[in-house]
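Asks: Below you will find the structure I want to go over with you.
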Amino acid sequence: MAKQKKNGPSATAGRSATADRPAPGDIDQLIHERLRLGIVCALAVHESLTFTELRELLQTTDGNLSVQARKLEEAGYVTCQKRFEARKPKTTYKLTAKGRAALEDYLKTLSEMLPPLEQLRHAARSDSRDGLFSRRPLPSEG
84 MAKQKKNGPS ATAGRSATAD RPAPGDIDQL IHERLRLGIV CALAVHESLT
134 FTELRELLQT TDGNLSVQAR KLEEAGYVTC QKRFEARKPK TTYKLTAKGR
184 AALEDYLKTL SEMLPPLEQL RHAARSDSRD GLFSRRPLPS EG
């Protein structure tokens, strides 16, 4: 009998994920990758972008952009339209409603993570010796 693969923190956090999107509070790993996040964010701002425009905007290679855009397309986050203009191929990408919803969920999840990170940052800056990051003697110093 094959083991079922558990994806991400939802398996341990007691949250249920749908087939379309991760559970609330989980980071969408598909969008979380730097270049894919760049693609989705760029398309959220622009109605559509050509392959060349995306490549230049994100300062990446043809191969890398092609691979990452295809993953987003397979997930239904973007659409890809290919046509010819003056005998040259022109590929145009658009963000889908599913992709926009996934980006909104991703940004909401990040914003939920920020307050605890801000508290941690504040504790790290604190001059208090009894704070979370106060220096404690090592066993070898005892």
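Offset between the sequence shown (1-based) and the working numbering: plus 83.
All residues carry an ideal CB built from backbone N, CA and C; glycine is no exception.
Since we're looking at a predicted model, the values are computed, not measured.
With DSSP run on the structure shown, which of helix, strand or coil describes Thr175?
Replies: The count along the sequence shown starts at 1 and reaches residue 175 at position 92. In this structure, Thr175 counts as strand in the three-state DSSP scheme.
Asks: Enumerate in chain order the residues of its own chain whose CB-to-CB distance from Leu118 is below 8 Å, with the five nearest sequence positions on each side excluded.
Replies: As a first step, residue 118 is located in the sequence shown; it is residue number 35 there, counting from the start. Leu141, Thr143, Asn147, Leu148 and Gln151, listed in sequence order.
Asks: What does DSSP give as the partner residue(s) for Leu148 in the beta ladder?
Replies: Here the question's residue 148 lines up with position 65 in the sequence shown. Paired residues: none, contrary to the question.
Asks: Using three-state DSSP, classify Arg153 as helix, strand or coil.
Replies: Counting from 1 along the sequence shown, the entry for residue 153 is found at position 70. It is helical.
Asks: Any idea what DSSP makes of Arg204, helix, strand or coil?
Replies: Position 121 of the sequence shown, counted from the first residue, corresponds to residue 204. The answer is helix: DSSP assigns Arg204 an H, G or I state.
Asks: Within 10 angstroms of the Cβ of Asp145, are there 16 or more other Cβ atoms? Answer buried if so, exposed if not.
Replies: Position 62 of the sequence shown, counted from the first residue, corresponds to residue 145. The residue in question, Asp145, is exposed, as its Cβ has fewer than 16 Cβ neighbours within 10 Å.
Asks: Taking Thr135 as the reference, give the member of Met196, Val123, Ala158 and Pro172 with the closest Cα.
Replies: As a working note, residue 135 is residue 52 in the sequence shown. Measuring from the Cα of Thr135, the nearest candidate turns out to be Pro172.
Asks: State yes or no: is the C-beta of Thr192 within less than 8 Å of the C-beta of Ile110?
Replies: Within the sequence shown, residue 192 is the residue found at index 109, counting from 1. Within the sequence shown, residue 110 is the residue found at index 27, counting from 1. It is a contact, given that the beta carbons lie within the stated cut-off.
Asks: What residue range does the beta strand (DSSP E) around Gln164 cover?
Replies: As a working mapping, residue 164 is identified with position 81 in the sequence shown. Unbroken beta strand (DSSP E) run through Gln164: Val161 to Glu168.
Asks: Suppose contacts are defined by Cβ-Cβ distances below 8 Å. Is Thr162 in contact with Lys177 by that definition?
Replies: Here residue 162 corresponds to residue number 79 of the sequence shown, with the count starting at 1. Here residue 177 corresponds to residue number 94 of the sequence shown, with the count starting at 1. In contact: Thr162 and Lys177 (Cβ atoms closer than 8 Å).
Asks: Within 10 angstroms of the Cβ of Leu126, are there 16 or more other Cβ atoms? Answer buried if so, exposed if not.
Replies: Translated into the one-based positions of the sequence shown, residue 126 becomes position 43. It is buried - the Cβ of Leu126 has at least 16 other Cβ atoms within 10 Å.
Asks: Just list the residues that DSSP pairs Thr135 with in beta bridges.
Replies: By 1-based counting over the sequence shown, the position of residue 135 is 52. Partner(s): none; Thr135 has no beta bridge.
Asks: On the three-state DSSP scale, how would you describe Ile114?
Replies: Here residue 114 is taken as the residue at index 31 of the sequence shown, counted from 1. DSSP places Ile114 in helix when its eight states are reduced to three.
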